[in-house]
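Written below as C-alpha cells is the structure these notes are about.
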Amino acid sequence: DAPSHFIIRGSILHFLQDPAQYADAESFQYLEDGYLWLADGRVQATGSWQQLGDIPASVRDVAQWADHSGYLILPGLIDTHMHYVQAGMIGSFGCRLLDWLNDYTFPAEAAFADPDVARVTAKFVIDRLLAHGTTTASVFGSVHPQSVDAFMAEADRRGLRMLCGKAMMDRYCPPEVRDTAEQSGQQSADLISRWHGKGRLRYTITPRFAPTSTPEQLTIAGELYRSRPDLHVQSHLAENDKEVAWVAELFPQQQDYLGVYEHFGLTGPRTIYGHCIHLTAREQAAMAASGTAAAFCPTSNLFLGSGLFDYHGTTAAGVRVGLATDVGGGTSLNMIRTLAEAYKVSQARHQPLSPLRGWYLATLGGARALYLDEFIGNFAPGREGDFIVLKLDATPELGFRMARTRTLAERLFALTTLGDERCVAATYIMGQRVL
Ligand code: GUN
Ligand code: ZN
C-alpha cells in the first residue's frame with residue numbers, strides 16, 4: 005500500500021539535545037515558517053516552507069494538508085508522573101504529604117473498586133490531557149486492577165502512547181486500598197499480559213512508595229520489572245522530610261531512601277521516581293549511574309509544602325529529569341502552567357530555568373526520562389506524529405505581551421508565564437487530529 009502523506013504548515017519548534025549542554029544550533033530546530041511532513045503518521049522530515057520543493061512532487065500531489073500558519077507546532081507534551089485516580093480530589097486543603105494521603109487520597113482512591121468510577125474518570129482524564137496538549141503520561145492507577153483496565157482501554161482506543169500501572173500497597177493504608185504481596189504480583193502480571201505492548205501502551209510496575217510496601221512486595225516488584233522486556237517502574241522518592249525519616253525507621257538496614265529501591269532491584273533504565281527533593285549526593289550519583297530518572301513536580305511540591313526541587317543540581321549530577329503534574333497533589337493537568345511553576349521554584353533556588361530548557365524539559369527531556377525518546381519527544385525522522393498547535397495570543401494578556409517580544413526565547417517565556425490550555429488550538433495523535 006502507498007503511504008499516506010500529511011504536510012503541516014506552521015512555526016515549528018523541537019529539541020535535539022538539552023539546551024543547557026549544547027549550543028542553540030545543535031540543541032533545537034526552529035522554523036518560523038516551516039513544514040512538518042508525516043508519512044503514515046510518522047515524521048518523514050521538517051523544513052522551511054520555502055524549501056517545500058524538497059518534498060517530491062509525487063508526494064505533494066497526493067498529500068493531505070493542514071495550514072497552521074502563525075501558530076507554534078511542538079511535539080506533544082509529556083507528563084512524567086500523574087495519578088489519574090486523583091482527578092476528583094485536586095485542591096484538598098491544609099495537609100502535608102502523610103496526612104494528605106490518609107485524609108484525602110486513600111479514601112478517594114477507594115472509589116476505584118467500582119469499574120464504572122474508573123471508566124468515567126479514565127475517559128474524563130484522557131479527554132482533558134489531550135485538551136491540555138499532553139499526549140503521553142506516566143500514570144498511577146489505584147490498587148484496583150480495574151482502574152488500570154479502564155485507563156488502558158481508553159488510551160488504546162485512542163491510539164495513545166501511555167504508561168500505567170496498578171499501585172502495589174500492602175501495609176500502612178486502609179483495607180479498602182490494600183493488597184497483599186502475592187495478590188499484587190498476580191494482578192500486576194495479569195495486567196502486563198493484557199496491556200504491555202498492546203498498541204502503543206506499556207505497563208509500569210507501580211509500588212506506591214517504600215512505606216506502603218513490605219519487603220516481600222518490593223521483592224516481587226523487582227522481579228516483575230525483570231520479567232519482560234521494556235517494562236517500566238514508577239514510585240515516589242524523598243518528597244517530604246517526615247516521609248524520609250519514616251523510611252529510615254522502616255528500613256534501618258539501608259543507607260538511605262534510594263538504597264531501599266536499589267536493594268530490591270527497582271532502579272535502572274525505565275524507572276522513574278516522583279519528587280526527589282531531599283536527596284543526598286550519594287543518591288543523586290547513584291541515580292545518574294544507574295539511569296534512574298526523577299520527575300520534577302513543582303505544583304505538587306508547592307501545594308503540599310514538600311520543598312524546592314534542585315533542577316540544576318540534579319541534572320548537573322547527571323540524573324535524567326522529566327516534568328510532571330503529579331495530579332492530584334499537583335494542582336493542574338496543564339504542563340504549561342507546570343512549567344511556569346518550575347521556573348518559580350528555580351528562581352527561589354537562584355538558578356532560573358531558561359525558556360528553551362523549559363520547553364526541552366516538557367518534550368524531549370520527558371521522553372528521555374521515560375526512555376521513550378526513540379518514539380516521541382521531537383520531530384526526528386521516524387518519530388511518532390504526536391504534536392500540538394499553540395496559539396501564542398490566545399488571551400488578551402498573551403497577545404499584548406507577545407506584541408512586545410523580540411526573540412524566540414522571549415516569546416517562549418511569555419508563553420510559559422501566561423499560557424495554559426487556552427493556547428492549545430489542536431492536538432494530533434499519529435497525525436490524526438483529536439482536538
Ligand atoms: N507518596 C506516596 N503516594 C503519593 C501520592 O499519591 N502523591 C504524592 N504526591 N506523593 C505520594
Ligand atoms: Zn505522585
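Residue numbers (my numbering): 5 to 439. Even for Gly, the Cβ is constructed at its ideal location relative to N, Cα and C. Keep in mind it's a predicted model, so treat the numbers as computed, not measured.
query, result
"Any non-hydrogen atom of the ligand ZN within 7 Å of residue 107 CB", "no"
"Beta carbon proximity, residue 12 to chain D, threshold 8 Å", "Absence of chain D from the displayed structure is noted, only one protein chain being present."
"Of the residues 97, 372 and 350, the one placed nearest residue 335, counting alpha carbons only", "97"
"Contact check, residue 241 vs residue 207, beta carbons under 8 Å", "no"
"Coarse secondary structure for residue 39, derived from DSSP in three states", "strand"
"Whole runs of the beta strand (DSSP E) within the stretch 338 to 404, excluding any shorter than 3 residues", "391 to 394"
"Selected residue, minimal CA-CA separation from residue 331, among 307, 351, 346 and 354", "307"
"Quiz: which residues have CB nearer than 5 Å to the ligand ZN non-hydrogen atoms", "278 and 330"
"Identity of the residues DSSP links to residue 138 by a beta bridge", "81"
"Proximity test, residue 30 beta-carbon vs the ligand GUN heavy atom, cut-off 7 Å", "no"
"Per-residue burial, residue 404 [other beta carbons within 10 Å of its own, 16 or more giving buried]", "exposed"
"Member of 44, 289 and 106 whose CA lies at the smallest distance from the CA of residue 3", "As shown, the chain starts at 5 and ends at 439. That puts residue 3 outside it, with no answer to give."
"Under 8 Å between C-beta atoms of residue 312 and residue 353", "yes"
"Identity of the residue in 292, 429, 51 and 260 nearest residue 282 by Cα", "260"
"Beta-carbon proximity list for residue 401, same chain, < 8 Å, skipping 5 on both sides", "422"
"Bridge-paired residues (DSSP) for residue 71", "13"
"Cβ-Cβ distance between residue 77 and residue 12 below 8 Å", "yes"
"Residue environment, residue 30, which counts as buried when at least 16 other CB atoms sit within 10 Å", "exposed"
"Residue 8, buried or exposed, once every other Cβ within 10 Å from all chains shown has been counted against 16", "exposed"
"Whether residue 302 touches residue 275 by CB criterion (8 Å)", "no"
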